[in-house]
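Undergrad: Below you will find the structure I want to go over with you.
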Amino acid sequence: MISRGALVWLFVAILLGGAMIVIKARVQSLEEELAGLKAGIRAEERAVHVLKAEWSYQNQPVKLRQLTERYLGLTEMTTEQIVRLEDLPMRPVPEPEAGPGQTINEDNLP
Amino acid sequence: MTRIQITGRKVSESEAYDGPERRTRLRIEGDAKQAMETGRNRLVVGALLFAMAFAVVAGRLIEVGVLGTAPDRNTATIWDVDPDRFARADIVDRNGVVLATNLPTRALFADARIIAPDDATVIARQLAGIIPDLDVPGTRKRLASGRAFIYLHRDLTPAQVVEVNRLGVPGLNFEDAEARVYPHGRLVSHVIGLTDIDNNGLAGIEKRFDENLRGSNKPLKLSLDVRVQHMLREELYKAMTEFSAIGAAGLVMDVRTGELIGMSSLPDFDPNNIETATEEAIFNRGSLGVYEMGSTFKLLNTAMALDSGRVNLANAFDASNPLKVARFQISDYHAKNRWLTVPEILVYSSNIGSARMAKFVGTQTQRDFLGKVGMLHPAALEIPEVGAPLIPSPWRDINTLTISFGHGIAVSPVQLVNSISTLINGGIYRDATLLARDVRSGQVAGTKVIKPSTSDAMRALMRAVVMEGTGKKAIVPGYMVGGKTGTAEKQVNGRYKRKALMSSFIAAFPMQDPRYVVLAMLDEPKGTKATFGYATGGWVAAPVVGAVIRKLAHLYAMPPVDETEPTVLQAVSLPATEPGGMLKLASY
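From first to last, the protein sequence lines stand for chains A and B.
The working numbering runs 579 ahead of the 1-based position in the first sequence.
The working numbering runs 579 ahead of the 1-based position in the second sequence.
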């Protein structure tokens, strides 16, 4: 006759075996997923690589100039447009608004 | 209190009631007993082994799970995805803009064994409808050849692949391939060079770094800035067209690092379509061509005289009459017919004065000086197309005189830019480079070859030439441009051609703290009405340099300075010297 202890061990063994099968199946499916993702990443990388070349091609200075001339109407930059940060004036402090009893004359208009 | 005695021996109470359930002990004797013992012992050994194995597993579990000393799993997974590899690494500009890259394409090939020779004509015609540049008679012949593997066309577009598949012709197959593509085409053609159909580098950076580009997938970073390259090429192209020149070259160098951020040679070629390129277009005038530079050499001559310590800015030389040496006569283009000071010699671009100055300092000093600033050896540029300078041998006295104003020695434009950069950056020679230098790690190493005081004087002198001399058309308000014109007659078959000029202008800015040297050269420009028929450097090349400097300064948002401010003027004023004497030469 099989003792109670042996039964317990048998049960544990079956349980572990079952668990192992389940985990193995899960690992397998995860691995498949991983392989799929890797293939996807490779495909994306390839696409990015091609797009980088396209980006560089579309950003040719000559092309950009033609496009800005056609759509943006930008003009060439002038030297006056470049200033040092320290040369910029401080933002003017706003004049206090005229109160009811205050007279407004030309001197305190902003 | 009565005890029952059954077997004649005393039994305890517990023993007495064992009754039928009492286990019978089997006693085995002899061989059988021996075997049993062995079995037990073996079991113990096996059990111990298992126990040890489990202990190891348990120990490892504790190590991984509790102590956490296992290697980082994330690292492992990242390494797992190997990056997509191409047969050749990219080439990028200093800002990472792709200049050359490999793109996946598909090549069309046929297995002619399974194509009926009768169908060859039809298939060839159908393919020609999809691929316009297909050679129909050739394709027909090859399809009918019965061979197992014949290339029909390389580099099909995805749309063409779909169309060919739609034909449904058995025996037509595709092969994955890669094509080298240059997104910026002509713009960087001479620097990048090109590869052949099998991805072997043939010229330029592609050839010089062929092995490096094959060996890694890490992009090769150049010193060029594609935007600067564009400005340079555009301005050169405009001037070349306006003055009907046969060619042009332009260079922009960072004087602090020796990096070339622009290098253009016209005419140029489209590396994506090399079949159309002419020999002339493939020639790199910027580095391979060597030219007699003319008056721009006077900068070197002046620096040489000052650096020798024997001439100062207050000295004067006799330029009142043309200089006759043997059968040669040296005369001035803008003749002043009087004694000229050192600054005047440069500002009026006096050949006579320069020649006398060189003679005064001597041949050996001249030769040593030109060697120090890199004029006597080919530029150390990272492309195969580097021209070796043509140096007089033997170096006679007459050579010393003509070299002082840029004749009798031919150097490449890169060499010239390299030397002028040395003159004004404080006197440190750094080899010109086309690769991005890592400047974050501090100053770029160089060799100190000129005194800082000479360098300061040269800055002031170059500024004076632009303000008072032949370089006025290169003025860009706010950026303190300094420079020198050069107009040399081209030698054709050993004789100077009067009408064939090599007109150039070399400039640096901002002169109080120079950052960039810009050179523009035009090959055989013709004067126009607007230039009153002049085709000299000051008329045709200086405006190109001026325009490039303006755009370059704006691109890098360099803050302009007030050119009338005393501190700025002070920085580019000629250093005060004690009144110098008129330097007379015994023999001339």
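All C-beta atoms in this analysis are idealised placements derived from N, C-alpha and C, irrespective of residue type, glycine included.
Where does B/His913 fall in DSSP's three states?
TA: The residue given as residue 913 of chain B occupies position 334 in the second sequence. Correct three-state label for B/His913: coil.
Undergrad: What does DSSP give as the partner residue(s) for B/Trp918 in the beta ladder?
TA: By one-based count along the second sequence, residue 918 of chain B stands at place 339. Answer is B/Asp897.
Undergrad: Within the same chain, show all residues whose beta-carbon is closer than 6 Å to that of B/Trp1118, passing over the 5 residues directly before and after it, in chain order.
TA: In the second sequence, the residue the question calls residue 1118 of chain B occupies position 539. Cβ within range, chain order: Thr1110.
Undergrad: By Cβ distance, which residues of its chain are closer than 6 Å to B/Ala686, with the 5 residues on each side in sequence left out?
TA: Looking up residue 686 of chain B in the second sequence gives position 107. Excluding positions up to five away in sequence, the list reads Arg733, Glu754, Ala756.
Undergrad: In three-state terms, what does DSSP make of B/His956?
TA: The residue given as residue 956 of chain B occupies position 377 in the second sequence. Coil, per DSSP.
Undergrad: Once the 5 residues before and after B/Val1140 are set aside, which same chain residues still bring their CB inside 8 Å of it?
TA: Here residue 1140 of chain B corresponds to residue number 561 of the second sequence, with the count starting at 1. Contacts found: Gly1057, Tyr1058, Met1059, Pro1089, Gln1091, Val1147.
Undergrad: Quick one: is B/Asn791 buried, meaning 16 or more other Cβ sit within 10 Å of its Cβ, or exposed?
TA: By one-based count along the second sequence, residue 791 of chain B stands at place 212. With fewer than 16 other Cβ atoms within 10 Å, it is exposed.
Undergrad: Only counting the same chain, and skipping five residues up and downstream in sequence, which positions put a Cβ closer than 8 Å to that of B/Pro1031?
TA: Start at 1 with the first residue of the second sequence, and residue 1031 of chain B comes out as number 452. For B/Pro1031, where only same-chain residues beyond five positions count, the Cβ hits under 8 Å are Gly1005, Gly1006.
Undergrad: What does a CB cutoff of less than 6 Å around B/Ser887 pick up in its chain, not counting 5 residues either side in sequence?
TA: Translated into positions along the second sequence, residue 887 of chain B becomes position 308. Cβ within range, chain order: Val940, Thr944.
Undergrad: For A/Arg663, decide whether its Cβ has a neighbour in chain B, counting only Cβ atoms nearer than 8 Å.
TA: Here the question's residue 663 of chain A lines up with position 84 in the first sequence. Judged by the 8 Å Cβ criterion, A/Arg663 is in contact with chain B.
Undergrad: For the beta strand (DSSP E) containing B/Phe688, name the first residue and the last one.
TA: Locating residue 688 of chain B in the second sequence gives position 109, counting from the first residue. B/Phe688 -> beta strand (DSSP E) spans 677-689.
Undergrad: Starting from the beta carbon of B/Leu682, find every residue of chain A whose beta carbon is closer than 8 Å, and list them in chain order.
TA: Sequence index remark: in the second sequence, residue 682 of chain B carries index 103 (1-based). Those within 8 Å of B/Leu682 in chain A are His628, Val629, Ala632.
Undergrad: Output needed for B/Ala655: all residues of its chain with C-beta closer than 6 Å, excluding positions within five of it in sequence on either side, in chain order.
TA: Here residue 655 of chain B is taken as the residue at index 76 of the second sequence, counted from 1. Confidence at B/Ala655 is low in this model, with a pLDDT of 49, below 50, so its placement is unreliable and the value that follows should be read with caution. Hits under 6 Å: none found.
Undergrad: For B/Ile694, name the three-state secondary structure that DSSP assigns.
TA: Taking the second sequence and counting its residues from 1, one reaches residue 694 of chain B at position 115. Looking at B/Ile694 - three-state DSSP - the assignment turns out to be coil, as it is neither helix nor strand.
Undergrad: Taking DSSP's pairing of strands, which residues face B/Tyr870 in a bridge?
TA: Within the second sequence, numbered from 1, the residue matching residue 870 of chain B stands at position 291. Paired residue(s): B/Val990.
Undergrad: Near B/Gly829, what residues of its chain come up, given a Cβ to Cβ distance below 6 Å and the 5 sequence neighbours on each side ignored?
TA: By one-based count along the second sequence, residue 829 of chain B stands at place 250. Hits under 6 Å: Leu811, Leu815, Ser843, Ala1099.
Undergrad: Are A/Met656 and B/His1133 touching if we call contact CB-CB under 8 Å?
TA: Taking the first sequence and counting its residues from 1, the one referred to as residue 656 of chain A is at position 77. Taking the second sequence and counting its residues from 1, the one referred to as residue 1133 of chain B is at position 554. Yes.
Undergrad: Along the segment 760-783 of chain B, where does the CB come closer than 8 Å to a CB of chain A? Name the residues.
TA: Hits within the stretch, in order: Val760, Pro762, His763, Gly764, Leu766.
Undergrad: Which value, in whole angstroms, describes the spacing of the CA atoms of B/Phe728 and B/Gly750?
TA: The residue you call residue 728 of chain B lines up with position 149 of the second sequence. The residue you call residue 750 of chain B lines up with position 171 of the second sequence. Rounded to whole angstroms, B/Phe728 to B/Gly750 spans 10 Å at the Cα level.
Undergrad: Is the segment 767-776 of chain B in contact with the segment 602-619 of chain A, if contact means three or more CB pairs nearer than 8 Å?
TA: The segment 767-776 of chain B vs the segment 602-619 of chain A: no contact.
Undergrad: Here's the rule I'm using: 16 or more other beta-carbon atoms within 10 Å means buried, otherwise exposed. How should B/Thr1026 be labelled?
TA: Residue mapping note: residue 1026 of chain B aligns to position 447 of the second sequence, counting from 1. Per the 10 Å Cβ criterion, exposed.
Undergrad: With contact counted as at least three CB pairs below 8 Å, one residue from each stretch, are the segment 702-721 of chain B and the segment 731-746 of chain B in contact?
TA: At 8 Å Cβ cutoff, the stretches touch.
Undergrad: Looking only at its chain, what residues have a beta carbon closer than 6 Å to the beta carbon of B/Gly1112, apart from the 5 residues adjacent to it on each side?
TA: As a position in the second sequence, residue 1112 of chain B is number 533, starting the count at 1. So the list reads Gly1106, once near-sequence residues are dropped.
Undergrad: What residues of chain A sit near B/Arg806, judged by a beta carbon separation below 8 Å?
TA: For the purposes of this step, residue 806 of chain B is taken as the residue at position 227 of the second sequence. Those are Pro640, listed as they occur along chain A.
Undergrad: Can you look up B/Gln908 in the DSSP assignment and give me helix, strand or coil?
TA: Counting from 1 along the second sequence, the entry for residue 908 of chain B is found at position 329. DSSP places B/Gln908 in strand when its eight states are reduced to three.
Undergrad: At which residues does the alpha helix (DSSP H) containing A/Asp666 begin and terminate?
TA: On the first sequence, position 87 is the one that residue 666 of chain A refers to. Element bounds for A/Asp666: n/a, residue is neither H nor E.
Undergrad: Looking at the unbroken beta strand (DSSP E) that takes in B/Val1096, where does it start and where does it end?
TA: Counting from 1 along the second sequence, the entry for residue 1096 of chain B is found at position 517. 1095-1102 is the extent of the beta strand (DSSP E) around B/Val1096.
Undergrad: For chain B, check one thing: does any of its Cβ atoms lie closer than 8 Å to the Cβ of A/Thr647?
TA: The count along the first sequence starts at 1 and reaches residue 647 of chain A at position 68. No - not a single Cβ of chain B is within 8 Å of the one on A/Thr647.
Undergrad: For B/Asp897, I'd like the list of residues in its chain whose CB is within less than 6 Å of its CB, leaving aside the five on either flank, ordered along the chain.
TA: Position 318 of the second sequence holds residue 897 of chain B. Closer than 6 Å at the Cβ level, and outside the excluded window around B/Asp897, lie Trp918.
Undergrad: Mind checking B/His763: buried by the 16 CB within 10 Å criterion, or exposed?
TA: Residue mapping note: residue 763 of chain B aligns to position 184 of the second sequence, counting from 1. Buried.
Undergrad: Which residues of chain A have a Cβ atom closer than 7 Å to the Cβ of B/Pro1204, listed in chain order?
TA: Here chain B has residues from 580 to 1167 only, and residue 1204 of chain B is not among them.
Undergrad: Span of the beta strand (DSSP E) holding B/Asp734?
TA: Within the second sequence, the letter at position 155 stands for residue 734 of chain B. Here the beta strand (DSSP E) through B/Asp734 covers 729-735.
Undergrad: In its own chain, which residues sit with a C-beta less than 6 Å from the C-beta of B/Phe948, not counting the 5 before and 5 after it?
TA: Taking the first residue of the second sequence as 1, we reach residue 948 of chain B at position 369. Around B/Phe948: Met883.
Undergrad: Does B/Pro973 come within less than 8 Å of chain A when only Cβ atoms are used?
TA: Position 394 of the second sequence holds residue 973 of chain B. It does not: the Cβ of B/Pro973 has no partner Cβ on chain A nearer than 8 Å.
Undergrad: Using a Cβ-Cβ cutoff of 7 Å, what residues of the segment 1032-1063 of chain B are near chain A? List them in chain order.
TA: Under the 7 Å Cβ criterion, the segment 1032-1063 of chain B contributes Pro1056, Gly1057.
Undergrad: Please give the ranges of any alpha helix (DSSP H) in the segment 1022-1069 of chain B, keeping only runs that are unbroken, at least 4 residues long and fully inside the region.
TA: DSSP runs (the alpha helix (DSSP H)) wholly in the segment 1022-1069 of chain B: 1031-1047.
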